[in-house]
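Colleague: Residue numbering for the sequence shown follows full-length UniProt numbering, beginning at 1 and increasing consecutively.
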Amino acid sequence: MEAAARGEPRPRPGPGPRVLELYSGIGGMHWALRESCIPAEVIAAIDINTVANEVYKHNFPSTHLYPKTIEGMTLDDFNRLDFDMILMSPPCQPFTRIGSQKDVLDPRTKSFLYILDILPRLSKTPKYILLENVKGFETSVARDKLIQTLESCGYNYQEFLLTPTCLGIPNSRLRYFLIAKLQPGAFCFQTVNWILEGFPHHERDDWKQSKLPSSDQTLSTGDHTEKLNNSECGHADNSKCQEMETLIYKLETSGHLERKLKQNNNLSIQMIQDFLEEKLQNPSQYLISPKVLMRYALVLDIVGLTCRRSVCFTKGYGHYAEGTGSVLQTASDVELSTVFQEFETLSENEKLAQLSKLKLRYFTPREIANLHGFPAEFNFPEKISVKQSYRLLGNSLNIHVVAKLIELLVQ
Ligand SMILES: C[S@@+](CC[C@H](N)C(=O)[O-])C[C@H]1O[C@@H](n2cnc3c(N)ncnc32)[C@H](O)[C@@H]1O
1 MEAAARGEPR PRPGPGPRVL ELYSGIGGMH WALRESCIPA EVIAAIDINT
51 VANEVYKHNF PSTHLYPKTI EGMTLDDFNR LDFDMILMSP PCQPFTRIGS
101 QKDVLDPRTK SFLYILDILP RLSKTPKYIL LENVKGFETS VARDKLIQTL
151 ESCGYNYQEF LLTPTCLGIP NSRLRYFLIA KLQPGAFCFQ TVNWILEGFP
201 HHERDDWKQS KLPSSDQTLS TGDHTEKLNN SECGHADNSK CQEMETLIYK
251 LETSGHLERK LKQNNNLSIQ MIQDFLEEKL QNPSQYLISP KVLMRYALVL
301 DIVGLTCRRS VCFTKGYGHY AEGTGSVLQT ASDVELSTVF QEFETLSENE
351 KLAQLSKLKL RYFTPREIAN LHGFPAEFNF PEKISVKQSY RLLGNSLNIH
401 VVAKLIELLV Q
């Protein structure tokens, strides 16, 4: 029988922090911890999703994974785990613009409120906390309760709104992050009581910088334009005033096109082609069907191989066409604008013939994993379907962004 099952604390594996990964999903936090090179060990992960747990176990067979609800863990269970760090991505549906917005009244927030209740009562308050959630969380009651709890427990903390483009990755995924460190531990940068929209600058040899990171001292490669364009999860900004603007082609106004052009000309961001698989297995399954093309062509976010942008991939990718993530134009010799020229005047057959020239396909799960920063060693068990992979990746996070935050948290 294992020590934990006998009610005894687990033996310490090494010198670094012992990490508890809550809402572990497919282990995005675990991969980020590895990338951060912090000498830490995930001593337990907890998630209720059986499919996600299959993927987690496949990639981290030696990590103790609890396939149960967080509320199903007692205070004693948590105390026995004897952890120093919590990494967590609570469910985001209660806080998204298109979700329920029920905030703390949504039953899916219950487990998070339970964690806030447990935190001050732990026999050892963890030294480090990192939380990830959607944009929208920052204005929630749940966030206010989190801050109250952290302040009453004696944490220093910093909030962020970050997207992978600030690290040169051609994918928008604007997310809320909070890192908290138990006092007297101090951060290697000056915290501020507003939300940072880039990573704080620091001198490699002088982490204890004293200057306040003002807005122009943060790395904000295109963040502002991105927020306007992709404020949550890649849904086109269909506000009333834009409906009044002239459409150039597709449903794009000159403003949309200018923004995309600016993103594609931003040389600090890599090209989409750097994230693609060389040879697809069963490529026909990724082609966009004529039915989807005909119904959704105008709302698909289309990116080419040399583009330096893509919109946020959500769990509905490959299933719902609108606002769930970009699709790839594999025909590099065709101009998107020419395909949509006088499109409305064409017959159905002519429309399909035009659209087919683009050779559009979905990104594969591996390619989305690449954009999310998952390393080559990460993979899905064979029995996990493409659709399930999209769902799980859509719920996950950008590894590079979180790895950098873990470094900021611990250094
Ligand atoms: C936003 S996803 C986290 C994804 C994860 N960070 C990853 O990289 O895949 C939220 C996860 O919380 C899990 N979850 C939701 N409510 C839960 C609860 N009450 N107890 C345990 N896990 C829960 C879901 O199954 C889902 O995998």
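Glycine is no exception: its CB is placed at the ideal position from the N, C-alpha and C atoms. Model, not experiment: these values are computed from the prediction.
#1: Taking one C-beta from the segment 117-129 and one from the segment 160-169 each time, how about it: are there three or more such pairs within less than 8 Å?
#2: How long is the line joining the alpha carbons of K227 and T330, rounded to whole angstroms?
#3: Given the structure, does E407 come close to ligand 2, in the sense that its CB is under 7 Å from one of the ligand's heavy atoms?
#4: Provide the residue(s) that pair with M88 in DSSP beta bridges, ordered along the chain.
#5: So for Y114, helix, strand or coil by DSSP?
#6: Looking at the structure shown, is K227 part of a helix, part of a strand, or coil, going by DSSP?
#7: According to the Cβ coordinates, are F313 and G325 closer than 8 Å?
#8: Quick one, which of F363, N349, E322 has its alpha-carbon nearest E277's?
#9: Please report the straight-line C-alpha distance between L251 and Y296, rounded to a whole angstrom.
#10: Tell me whether the segment 360-378 and the segment 274-289 touch, counting them as touching only if at least three CB pairs, one residue from each stretch, are closer than 8 Å.
#11: Is it right to say D117 is buried, meaning 16 or more other beta carbons lie within 10 angstroms of its own, or is it exposed?
#12: At which residues does the alpha helix (DSSP H) containing G255 begin and terminate?
#13: Taking its Cβ as the centre, do 16 or more other Cβ atoms sit within 10 Å of E348, making it buried, or is it exposed?
#14: Taking the C-alpha atoms as reference points, what is the distance between E151 and A186?
#15: Please check the pair H400 and I46, which I expect to be a contact at CB under 8 Å, by giving their CB distance rounded to whole angstroms.
#16: Among F78, H58, L355, whose alpha-carbon lies nearest the alpha-carbon of L20?
#17: Going by the beta-carbon positions, is the gap between K404 and F199 smaller than 8 Å?
#18: With three or more beta-carbon pairs closer than 8 Å as the criterion, would you say the segment 57-64 touches the segment 97-110?
#19: Report the rounded CA-to-CA distance for Q354 versus E71, giving the unit in angstroms.
#20: From which residue to which residue does the beta strand (DSSP E) around N156 run?
#21: Does the beta-carbon of T69, which I'm using as the reference point, lie nearer than 7 Å to any heavy atom of ligand 1?
#22: Considering only C-alpha positions, which residue in the set I288, G255, N53 is nearest to L300?
#23: Distance check for S356 and L293, CA to CA, integer angstroms please.
#24: For V51, which of W31, G27, K359 has the nearest alpha-carbon?
#25: Given this structure, state the Cα-to-Cα distance separating S172 from N266, to the nearest angstrom.
#26: Whose C-beta lies closer than 6 Å to the C-beta of N395 among residues of the same chain, with five residues either side of it excluded?
#27: DSSP beta-bridge partners for L178?
#28: By the three-class DSSP mapping on this structure, what secondary structure does I288 have?
#29: Measuring only from the beta carbon, is N395 closer than 7 Å to any heavy atom that is part of ligand 1?
#30: Relative to ligand 1, is the shortest distance from any of its heavy atoms to the C-beta of residue 443 smaller than 7 Å?
#31: Is S123 buried or exposed, if buried means 16 or more other CB atoms sit within 10 Å of its CB?
#32: My understanding is that R108 touches P91, with C-beta atoms under 8 Å, so please give their C-beta distance in whole angstroms.
#33: Ligand 1 and A180: does the residue's C-beta get closer than 7 Å to at least one heavy atom of that ligand?
Modeller: Taking the geometry as given:
#1: no
#2: Residue placement at K227 is flagged as unreliable, the pLDDT there being 36, under the threshold of 50; the coordinate-derived value follows with that caveat. Answer to the nearest angstrom: the Cα atoms are 27 Å apart.
#3: No copy of ligand 2 appears in this structure; the ligands present are ligand 1.
#4: L22, L131
#5: helix
#6: In this prediction, K227 scores a pLDDT of 36, lower than 50, which makes its location untrustworthy; the coordinate-derived value is nonetheless stated afterwards. Helix, per DSSP.
#7: yes
#8: Nearest option by C-alpha distance: F363.
#9: 11 Å
#10: yes
#11: When all chains shown are included, D117 counts as exposed.
#12: 254-264
#13: exposed
#14: 14 Å
#15: About 24 Å separates the beta carbon of H400 from that of I46, a gap too long to meet the 8 Å contact definition.
#16: F78
#17: In this structure, F199 lies closer than 8 Å to K404 by Cβ.
#18: no
#19: Rounded to the nearest angstrom, the two C-alpha atoms are 54 Å apart.
#20: 155-162
#21: yes
#22: I288
#23: 8 Å
#24: G27
#25: 14 Å
#26: These residues qualify, in order along the chain: G25, K315.
#27: L131, E159
#28: coil
#29: Yes, Cβ of N395 sits closer than 7 Å to a heavy atom of ligand 1.
#30: Because the chain in this structure spans residues 1 to 411, residue 443 falls outside the shown range and cannot be described.
#31: exposed
#32: Taking a contact as a CB-CB distance under 8 Å, the pair R108 and P91 counts as one, their CB atoms being some 4 Å apart.
#33: no
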